[in-house]
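Down below is the structure, laid out as structure tokens.
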Amino acid sequence: MSRILTNLALLALAAPLMAAQAVELPGPVVDTAWLAAHLDEVQVLEVRSNFASFAREPAFETDAKTGKKTLSAVGGHLPGAHLIDFKNVRGERQAGENKLKFMLPERAEFQSRLRAAGVQDGLPIVLVPVGQEVGDVDEALRLFWSLRVYGAASLAVLDGGAAGWIGEGRPVSTAAAPAQTGNWTASPEHNELLADSETVAAAASHGVQLVDGRPQPQYYGLNKSPAVASFGHIDGARNFAPELLTRDGNGALRFLPARAYEALMRTTGIDPKADSITYCNTGHLASGPWFVMHEILGNPSTRLYDGSLSRWTQEKRPLVAVQ
Numbered sequence: 309m310s311r312i313l314t315n316l317a318l319l320a321l322a323a324p325l326m327a328a329q330a331v332e333l334p335g336p337v338v339d340t341a342w343l344a345a346h347l348d349e350v351q352v353l354e355v356r357s358n359f360a361s362f363a364r365e366p367a368f369e370t371d372a373k374t375g376k377k378t379l380s381a382v383g384g385h386l387p388g389a390h391l392i393d394f395k396n397v398r399g400e401r402q403a404g405e406n407k408l409k410f411m412l413p414e415r416a417e418f419q420s421r422l423r424a425a426g427v428q429d430g431l432p433i434v435l436v437p438v439g440q441e442v443g444d445v446d447e448a449l450r451l452f453w454s455l456r457v458y459g460a461a462s463l464a465v466l467d468g469g470a471a472g473w474i475g476e477g478r479p480v481s482t483a484a485a486p487a488q489t490g491n492w493t494a495s496p497e498h499n500e501l502l503a504d505s506e507t508v509a510a511a512a513s514h515g516v517q518l519v520d521g522r523p524q525p526q527y528y529g530l531n532k533s534p535a536v537a538s539f540g541h542i543d544g545a546r547n548f549a550p551e552l553l554t555r556d557g558n559g560a561l562r563f564l565p566a567r568a569y570e571a572l573m574r575t576t577g578i579d580p581k582a583d584s585i586t587y588c589n590t591g592h593l594a595s596g597p598w599f600v601m602h603e604i605l606g607n608p609s610t611r612l613y614d615g616s617l618s619r620w621t622q623e624k625r626p627l628v629a630v631q
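Count along the sequence shown from 1, then add 308; that gives the number in the working numbering.
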């Protein structure tokens, strides 16, 4: 018994040292080479809307002339990865008489969902989108923002996502998501990352810039998402369309250099260093410009409007559109 107690004591003493020696992420974006070299030192969370793709083989197309294979559909996952179903990243919240959809779950619920996926305290987190469409990249970025709100500090996204990893011929597993319970702990909300409707409505009078992260036709009111009750954008908002978030690199979507984002934003009338609130239809696409401004360009005064225009129009607030 004394030997067991001694060993437990040694483990307890070693725990802080092990935590102190945890690998340091190089930034908010990591590439495949870095992740391959540190795969056993981080926890990988693959964010999917297509739950079944996690355990199926990737699909390839072969060029009839050259015989070259290219990835057509992501399947499988990085070895040891945890699966995060995107529908679990958001939920419903009650605000007065309104039941709001697409919202950040309450702290206890969010923590429970992450633990159910096997997420642990004490290890850096690398999020992996599918990497073939901007929408799936933004799914990972929405989770990134949510984790930041609830206190995750050591956090990054894989550039190119699963598509980039698979396209480079790196190891892929089709094992089912492991049944395990994590111990990840959510902190109280970091409210400096959140905006509500009243804050958005008062933005102009407080010198706060609004950034609309939707496609241009929705921004101008030519069409709209079913999640939004009316057409157009919040008066005074500037548009940073989702097409500006990434560019294709050998069949996988890659982030741009910081200088390119800064130039694009200034070209579209956005000050990348100003106090800003990003929004979209539901808070999904808004995660893109939020990530660019807050994480890549280092603007700490960037918030995301949770619920976005779904919430705004449910509350009967106005939009402006091309007539």
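Ideal Cβ positions, reconstructed from N, Cα and C, are used throughout, including at glycine.
Query	Result
Inter-residue spacing [alpha-carbon to alpha-carbon] between Arg-423 and Arg-555	33 Å
Spatially closest choice to Tyr-458 from Ser-538, Leu-431, Asp-371, Phe-418, by CA coordinates	Phe-418
Inter-residue Cα distance where the pair is Ala-487 and Trp-453	25 Å
Span of the alpha helix (DSSP H) around Ile-578	Neither: Ile-578 is in no alpha helix (DSSP H) and is coded neither H nor E.
Per-residue DSSP class, three states only, for Ser-481	strand
Member of Ala-389, Trp-598, Tyr-528 whose CA lies at the smallest distance from the CA of Leu-542	Going by the sequence as given, residue 542 is Ile instead of Leu. The candidate whose alpha carbon is nearest that of Ile-542 is Tyr-528.
Exposure label - Gly-375; buried when at least 16 CB within 10 Å	exposed
Strand pairing of Ile-433, partner residues [DSSP]	Gln-351, Leu-463
Euclidean distance between Cα positions of Ala-594 and Pro-366	29 Å
contact_flag[the segment 399-409, the segment 506-518] where n(CB pairs < 8 Å) is 3 or more	no
For His-498, three-class secondary structure by DSSP	coil
Buried or exposed by the 16-neighbour rule on C-beta atoms within 10 Å, applied to Lys-373	exposed
Leu-518 vs Gly-544 beta-carbon contact at 8 Å	yes
Rounded separation between Asn-639 and Ala-503 - CA only	Residue 639 cannot be examined here, being either before or after the span of the chain that is shown, 309 to 631.
Alpha carbon of Leu-552 to alpha carbon of Leu-572, nearest angstrom	8 Å
Status (buried if at least 16 other CB within 10 Å, exposed otherwise) for Gln-526	buried
Nearest-angstrom Cα separation, counted from Arg-546 out to Leu-612	14 Å
Spatial distance of Leu-408 from Arg-619 (CA atoms)	6 Å
Residue nearest to Pro-496 in terms of C-alpha spacing, selected from Val-445, Arg-364, Arg-456	Arg-456
Classification of Asp-520 by the beta-carbon crowding that lies within 10 angstroms, buried from 16 upward	buried
Proximity winner among Glu-332, His-592, Ala-341, relative to Glu-349 (alpha-carbon distances)	Glu-332
Sequence-distant residues of the same chain with beta carbon closer than 8 Å to Ile-604, five excluded per side	Pro-336, Val-337, Phe-563, Ala-566, Tyr-569
Burial state of Lys-624, where buried means 16 or more other Cβ atoms lie within 10 Å	exposed
Val-352 beta carbon less than 8 Å from that of Glu-434	The sequence shown places Val at residue 434, rather than the Glu named in the question. Their beta carbons are under 8 Å apart, which means Val-434 touches Val-352 by this criterion.
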